[in-house]
Amino acid sequence: MNEPEKIDPRELSPLALAFVGDSVLELLVRQRLVEHHRLSAGKLNAEKVKYVSARAQFREEQLLEPLFTEDELAVFKRGRNASKASVAKHASPEEYRASTGFECLLGWLYLNGQLSRVQELFETLWQSFDPNEK
């Protein structure tokens with residue numbers, strides 16, 4: 001069976017990029033938690049949510065935005081401005097849009113093979129972000 005032609009990440013919708021970026025962030029957080037904490041699965045999940053909720057992603061994006069390149073900022077804004085039918089119940093529309101933009105950026109970086117940049121941003125986030133800050 002022939003593989004379908006691979007789609008260039010530049011041609012993907014911002015929401016498709018965010019779909020991938022959401023998984024990228026979640027996997028990085030899960031990996032970091034498991035590598036450094038001996039917690040039950042339920043407690044690991046509770047900790048993970050502190051990093052991957054729309055509200056947390058909004059704060060993470062604000063922390064990292066000064067580090068974005070011009071291209072990264074454009075991708076973030078494209079994702080932030082993408083229309084979505086629903087809004088998270090525990091986040092404002094502004095937080096939800098920014099979290100979508102952040103996920104879009106992570107998806108774009110990942111699909112473009114810029115894994116070292118994903119890791120660089122994640123390390124900065126992990127060292128500087130306090131998930132317990134409200």
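The sequence shown: position 63 = 63 (the UniProt record's numbering), numbered continuously.
No residue lacks a Cβ here, since even glycine has one placed at the ideal position from N, Cα and C.
| Query | Result |
| --- | --- |
| Beta-carbon proximity of V24 to G107, cut-off 8 angstroms | yes |
| Same chain, Cβ closer than 6 angstroms to R117, neighbours up to 5 away in sequence not counted | L109 |
| Best match in Q119, L105, L121 for proximity to A16 [C-alpha to C-alpha] | L105 |
| Whole-Å CB distance - H90 paired with R55, under 8 angstroms assumed | 6 angstroms |
| Within 8 angstroms, strictly: CB atoms of Q57 and E103 | yes |
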